[in-house]
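Take a look at the structure below.
Residue numbers (this note's numbering): 937 to 1194.
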């Protein structure tokens, strides 16, 4: 199960005397991937917000691109102005607790991998570690209107409470891989109300669905690898998602957010 934790708060404010000065000072970007990368850097440095020129920035798309590369559950606030600028700012929920999850992720990662492992071996080890120490939160998944801001939808649910739905698994796996120095993104599917991960190795994109690899009911140490390192063609047999969007995001990340 996947729920959008982010939300958009949009307001229009009257311009002052220097009407176009904010537009000239705002960040010019070519696409939402660049905007998301700048916003991620801002969030990692304290989150003061970033002003963009509206031309190539759609707040919903920026949220989706940022959600894919930033492992913390967050809300995105947007303020639009009549001088063609939009200010975006992130607000991390339970920030201290999510930071605690990050510290724990580093400990788990250090105990799960070695520097002699290949990237794929590290990905497998972290996949197995997450599944063995987390179980699917059936109660939350079966709620009629679950709270998308709850820990089950974030890494702290998976890593600290050891219970999560797919968003929690996906963000926790992204966090573990980040601790290992591997760029993994979170993929969200509106059609499936589900989320999983993607990684690019050797020029090929592979998909990893830790949720689908964790049996229900939980079977302790047992780990499936049916959804580990699948190609897009293989995953498309059971999953639907905006593949082009995430391929372009991975292209952008490989180019340093360009």
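No residue lacks a Cβ here, since even glycine has one placed at the ideal position from N, Cα and C.
Please read these numbers as outputs of a predicted model, since none were measured by experiment.
inquiry  = In this structure, how does DSSP classify residue 968 when only helix, strand and coil are distinguished?
reply    = Taking the chain shown and counting its residues from 1, one reaches residue 968 at position 32. Three-state result, residue 968: helix.
query = Where residue 982 and residue 1158 are concerned, what is the direct C-alpha to C-alpha distance, given to the nearest angstrom?
reply = Mapped onto the chain shown, residue 982 falls at position 46. Mapped onto the chain shown, residue 1158 falls at position 222. So the two alpha carbons sit approximately 40 Å from each other.
inquiry  = If the criterion is Cβ atoms closer than 9 Å, does the pair residue 1088 and residue 1104 meet it?
reply    = Working through the chain shown from its first residue, we reach residue 1088 at position 152. Working through the chain shown from its first residue, we reach residue 1104 at position 168. Cβ distance < 9 Å, so residue 1088 and residue 1104 count as in contact.
request  = Spell out a yes or no on whether the segment 1172-1192 and the segment 1106-1117 are touching, meaning 3 or more CB-CB pairs, one atom from each, closer than 8 Å.
outcome  = no
Identified DSSP bridge partners for residue 1099 = As a position in the chain shown, residue 1099 is number 163, starting the count at 1. Bridge partners of residue 1099: 1071.
message = Using a 10 Å radius around the Cβ and a threshold of 16 neighbouring Cβ atoms, would you call residue 960 buried or exposed?
response = Within the chain shown, numbered from 1, the residue matching residue 960 stands at position 24. With a pLDDT of 47 at residue 960, under the threshold of 50, the modelled position of this residue cannot be trusted; read the value that follows with caution. So residue 960 ends up on the exposed side.
query = Taking residue 1060 as the reference, which of 1027, 1113, 1099 and 1090 has the closest Cα?
reply = Indexing the chain shown from 1 puts residue 1060 at position 124. Of the listed residues, the one whose Cα sits closest to residue 1060 is 1113.
Helix, strand or coil at residue 1093 [DSSP, three-state] = Stepping through the chain shown from its first residue, residue 1093 is reached at position 157. Helix, per DSSP.
query = Which term fits residue 984, buried or exposed, when burial requires 16 or more other beta carbons within 10 angstroms of its beta carbon?
reply = Sequence index remark: in the chain shown, residue 984 carries index 48 (1-based). Exposed is the call here.
message = What would DSSP say about residue 1148, mapped onto helix, strand or coil?
response = In the chain shown, the residue the question calls residue 1148 occupies position 212. In this structure, residue 1148 counts as coil in the three-state DSSP scheme.
ask   = Using the beta-carbon count (16 or more within 10 Å), is residue 1063 buried or exposed?
value = Within the chain shown, residue 1063 is the residue found at index 127, counting from 1. Residue 1063 should be labelled buried.
inquiry  = Measuring only the C-alpha atoms, how far is residue 1071 from residue 998?
reply    = Taking the chain shown and counting its residues from 1, one reaches residue 1071 at position 135. Taking the chain shown and counting its residues from 1, one reaches residue 998 at position 62. Their Cα atoms are separated by approximately 31 Å.
ask   = Helix, strand or coil: how does DSSP classify residue 1030 here?
value = Residue 1030 sits at position 94 when you count from the first residue of the chain shown. The answer is coil: DSSP assigns residue 1030 none of H, G, I, E or B.
ask   = residue 1131 by DSSP, collapsed to three states: which one?
value = Within the chain shown, the letter at position 195 stands for residue 1131. Strand.
ask   = Assuming residue 1133 contacts residue 1122 under a Cβ cut-off of 8 Å, what Cβ separation, rounded to an integer in Å, is found between them?
value = The residue given as residue 1133 occupies position 197 in the chain shown. The residue given as residue 1122 occupies position 186 in the chain shown. Indeed they touch by this definition, with Cβ atoms about 6 Å apart.
query = My guess is that residue 1043 and residue 1077 are in contact by the Cβ rule of under 8 Å, so how many angstroms apart are they, rounded?
reply = Translated into positions along the chain shown, residue 1043 becomes position 107. Translated into positions along the chain shown, residue 1077 becomes position 141. The pair is not a contact, with the Cβ atoms about 28 Å apart (cut-off 8 Å).
task = Can you say whether residue 1029 is buried or exposed, counting buried as having 16 or more other CB atoms within 10 angstroms of its CB?
result = Within the chain shown, numbered from 1, the residue matching residue 1029 stands at position 93. By the 10 Å Cβ count, residue 1029 comes out buried.
key: Alpha-carbon to alpha-carbon, residue 1052 and residue 973   = Walking along the chain shown from the start, residue 973 turns up at place 37. Walking along the chain shown from the start, residue 1052 turns up at place 116. Going from the Cα of residue 973 to the Cα of residue 1052 covers about 31 Å.
ask   = What do you get for residue 1117, buried or exposed, if any count of 16 or more other CB atoms within 10 angstroms of its CB means buried?
value = Against the chain shown, residue 1117 aligns to sequence position 181. The residue in question, residue 1117, is exposed, as its Cβ has fewer than 16 Cβ neighbours within 10 Å.
message = On the criterion of 16 or more Cβ atoms from any shown chain inside 10 Å, does residue 1034 qualify as buried, or is it exposed?
response = Within the chain shown, residue 1034 is the residue found at index 98, counting from 1. That one is buried.
ask   = Between the beta-carbon of residue 971 and the beta-carbon of residue 1024, is there less than 9 Å?
value = For the purposes of this step, residue 971 is identified with residue 35 of the chain shown, where counting begins at 1. For the purposes of this step, residue 1024 is identified with residue 88 of the chain shown, where counting begins at 1. Yes, they are a contact pair.
query = Is DSSP giving residue 1085 helix, strand or coil here?
reply = Here residue 1085 refers to the residue found at position 149 of the chain shown. Here residue 1085 sits in coil by DSSP.
ask   = Around the C-beta of residue 1172, are 16 or more other C-beta atoms found within 10 angstroms, so that it is buried, or is it exposed?
value = Taking the first residue of the chain shown as 1, we reach residue 1172 at position 236. Classification for residue 1172: exposed.
Neighbourhood of residue 966 by C-beta distance below 7 Å, restricted to the same chain and skipping five residues each side = Counting from one through the chain shown, the residue named residue 966 turns up at place 30. Closer than 7 Å at the Cβ level, and outside the excluded window around residue 966, lie 992.
ask   = Rounded to the nearest angstrom, how far is the Cβ of residue 1111 from that of residue 1011, given a contact under 8 Å?
value = As a working note, residue 1111 is residue 175 in the chain shown. As a working note, residue 1011 is residue 75 in the chain shown. Not quite, the Cβ-Cβ distance comes to about 18 Å (not below 8 Å), so this is no contact.
task = Determine, using beta carbons only, whether residue 1048 and residue 1021 come nearer to each other than 9 Å.
result = As a first step, residue 1048 must be located in the chain shown, where it is residue number 112. As a first step, residue 1021 must be located in the chain shown, where it is residue number 85. Their beta carbons are not under 9 Å apart, which means residue 1048 does not touch residue 1021 by this criterion.
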